[in-house]
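For the sequence shown, our numbering gives the first residue as -13, with consecutive numbering after it.
From the three backbone atoms N, C-alpha and C, an ideal C-beta is built for every residue, glycine too.
Keep in mind it's a predicted model, so treat the numbers as computed, not measured.
In what follows, a single structure is set out as structure tokens and then discussed.
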Amino acid sequence: MKYLKLNFTLNFDNFNIKINQDLKLNGITGIYGHSGSGKSTLLRIISGLEKNIQGEVNFYNKCLSNNSTNHFIRPENRQISLVFQDSRLFPHLSVYENLNFAASRCKNSQLKIDDVIHLTNLNELINKSVTQLSSGQKQRVALARAILSEPKLLLLDEPLSALDQKSKKTLLAAIIKIQNQLNLPILYVSHALDELQQICDDILVMSQGEIINYGSIHHVIHQLNQPIDTLSKTLSGEENHTHLSLQQTSLSLAIKTNDNGRNFAELSLGDEQCILLPKDRIPCGKVSDDILTNEGNKKTNTSLKQSQNLRCFILAQDISICLTEPLNSSIVNLLYGNITDIKQIGHTVLVSVVCEKQIFFVNISTYSQQKLSIIVNQKVYLQFKASAVRTYLY
């Protein structure tokens, strides 16, 4: 396993960054946090655009920066590519000329421009001026240009932030396809947790210039259901009792069927229970080639197969608790489980319920908890609509 080892501080007039973390360079790692938490600055430090750090950055057991020895490798020599929010293309060059510029600067090039053009679906745009492109098209060109420098690590700074939903779907699928086919580790900055939940293997969470959590995507998202000060540290000010995200259950479930004949798809939850969602929430066509997974491995075939996994999430506020089985209800999802934890947060209660070894999080009022006399180890039913099962794309 290759690692990016970070151990440094960087001080500004009104903001400090302090990082001591080893990151696995495997798949896509999300970097998440509020605006101003230091996410983009972290990418700039890794890429070498911020050099005034106190400490050390090591990449693939190679020192990139160490102020104690005055060692610093310039950005162009780090084999790390950074794609900014704005594409930063050369406006006087065509799409092909922008790509050729990057390819010509790569020594001992292994990738062919035509292969990268096909990989990023730019075939119809290569002769256009970049000034004629949409924001989504520009981001795909910027992505292709970054790949043509043949980096060992790709850094993406909120690549979807200025795009419409259709362009987001296209670019998101392209990013997954690139990582899959090139086996290129990616650090992906975003303040949209649902975006990261869809594609990341691991995620690190930043707050006030520090990493407060790091681990597998579903595990960390579930930890984010708690207030920040219960995760790993106590923060001062208003942020102390707020959440970084909406409380939710993050899932990756096998598709049992993409159409049960009643306009619903079914996701398997263990041996006995399943979750229904609208069948049009299952990605199809080119999007599904890269969004759907099979036992955690990205797939690039063009057919939608059963047994593939779909990443989805359910907001805690969209799930209700019943003490007895509701026999006459329009709500199609009904799960049976056991309460494992009850945590009061302000005037609400976060209830953890395990169904078929999968933990679900339910947000109810303290009034409802007292009314139902809900306690740990109690057997309950969970109800939620099919439309409450969400993905980033739908």
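For residue i, three-class secondary structure by DSSP
| i | result |
| --- | --- |
| P397 | Summary: the structure shown does not reach residue 397, with the chain confined to residues -13 through 380, and so no result is reported for it. |
| S231 | coil |
| T310 | coil |
| T27 | helix |
| Y174 | strand |
| T156 | helix |
| I382 | Since the first residue of the chain shown is -13 and the last is 380, residue 382 is not available in this structure. |
| D266 | helix |
| T243 | strand |
| T117 | helix |
| L253 | strand |
| S236 | strand |
| G122 | helix |
| S315 | coil |
| V375 | coil |
| R131 | helix |
| L108 | coil |
| I161 | helix |
| N169 | coil |
| I103 | helix |
| Y212 | The question names Tyr, but residue 212 is Gln in the sequence shown. In the structure shown, Q212 sits in coil (DSSP, three-state: anything other than H, G, I, E or B). |
| Q194 | coil |
| I39 | coil |
| G13 | coil |
| R248 | coil |
| I300 | strand |
Where the beta strand (DSSP E) through residue i begins and ends
| i | result |
| --- | --- |
| D398 | No answer is possible for residue 398: it lies beyond the span of the chain, which begins at -13 and ends at 380. |
| K(-9) | Y(-11) to N(-3) |
| Q7 | N2 to K10 |
| L179 | Where L179 is concerned, there is no enclosing beta strand (DSSP E), although the alpha helix (DSSP H) it sits in stretches over L179 to I185. |
| Q369 | K365 to F370 |
| G22 | Where G22 is concerned, there is no enclosing beta strand (DSSP E), given that its DSSP letter is neither H nor E. |
| L336 | T334 to C341 |
| L35 | No beta strand (DSSP E) contains L35, which DSSP labels as neither H nor E. |
Environment of residue i [buried if 16+ CB atoms lie within 10 Å]
| i | result |
| --- | --- |
| E110 | exposed |
| Y378 | buried |
| D143 | buried |
| P145 | buried |
| Y353 | exposed |
| E181 | buried |
| G223 | With a pLDDT of 39 at G223, under the threshold of 50, the predicted position of this residue should be treated as unreliable, and no value is reported. |
| I3 | buried |
| K385 | Only positions -13 to 380 of the chain appear in this structure, which leaves residue 385 out of reach. |
| G256 | exposed |
| E311 | exposed |
| V362 | exposed |
| F347 | buried |
Extent of the continuous alpha helix (DSSP H) to which residue i belongs
| i | result |
| --- | --- |
| L149 | Neither: L149 is in no alpha helix (DSSP H) and is coded neither H nor E. |
| K357 | T352 to L358 |
| S206 | Looking at the sequence shown, residue 206 is not Ser but Val. I203 to Q209 is the extent of the alpha helix (DSSP H) around V206. |
heavy atom of the ligand GTP below 6 angstroms from residue i C-beta
| i | result |
| --- | --- |
| I172 | Within the structure as shown, the ligand GTP is missing, as the structure has no ligands at all. |
Please list the segments of the beta strand (DSSP E) lying wholly inside the region 44 to 101, counting only runs of 3 or more residues, in order along the chain.
Taking only runs of at least 3 residues, the beta strand (DSSP E) segments lying wholly in the region 44 to 101 are 48 to 52 and 66 to 69.
Are the region 72 to 83 and the region 51 to 64 in contact at 8 angstroms, needing three or more beta carbon pairs?
Contact between the region 72 to 83 and the region 51 to 64 is not established, with fewer than three Cβ pairs separated by less than 8 angstroms.
Under 8 angstroms: do the region 144 to 162 and the region 76 to 88 share three or more Cβ pairs, one atom per stretch?
Short answer: they don't touch.
The region 34 to 52 / the region 90 to 101 touching (three or more Cβ pairs under 8 angstroms)
In short, these stretches do not touch, since the Cβ pair count stays below three.
Spell out a yes or no on whether the region 23 to 31 and the region 188 to 202 are touching, meaning 3 or more CB-CB pairs, one atom from each, closer than 8 angstroms.
Short answer: they touch.
Are the region 101 to 116 and the region 24 to 39 in contact at 8 angstroms, needing three or more beta carbon pairs?
Output reads no: the region 24 to 39 does not touch the region 101 to 116.
Validate contact between the region 317 to 330 and the region 235 to 242 using beta carbons, cut 8 angstroms, 3 pairs
Contact between the region 317 to 330 and the region 235 to 242 is absent, because fewer than three Cβ pairs lie under 8 angstroms.
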